[in-house]
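Residue numbers (UniProt numbering): 1 to 64.
C-beta atoms are modelled at their ideal positions from N, C-alpha and C, and glycine is treated no differently.
Beneath this line is the structure, given in structure tokens, with notes to follow.
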């Protein structure tokens with residue numbers, strides 16, 4: 001997962017318990033977004049960002 005002061009990215013394919021923890025703690029303050037980056041679910045290691053933007057690798061598709 002990648003957490004900034006404006007959003008939280010979580011990879012797809014994890015357990016519901018993992019997702020529910022983020023949703024219950026963060027969803028009233030910032031959006032929790034389920035995504036993949038370059039068809040990988042390890043979004044925290046592949047991205048860097050803040051409230052101004054998000055840097056992703058060149059393998060990221062437009063759909064992601």
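{"query": "For residue 32 and residue 10, which I take to be in contact (beta-carbon distance under 8 Å), what is that distance rounded to the nearest angstrom?", "result": "6 Å"}
{"query": "For the ligand ZN, any of its heavy atoms closer than 8 Å to the Cβ of residue 36?", "result": "No copy of the ligand ZN appears in this structure; indeed no ligand is present at all."}
{"query": "When we look at the beta-carbon of residue 43 and count the other beta-carbons within 10 Å, is it buried (16 or more) or exposed?", "result": "buried"}
{"query": "Measure the alpha-carbon distance for residue 39 versus residue 49 and round it to whole angstroms.", "result": "19 Å"}
{"query": "Where does residue 41 sit, in a helix, a strand or coil, going by DSSP?", "result": "coil"}
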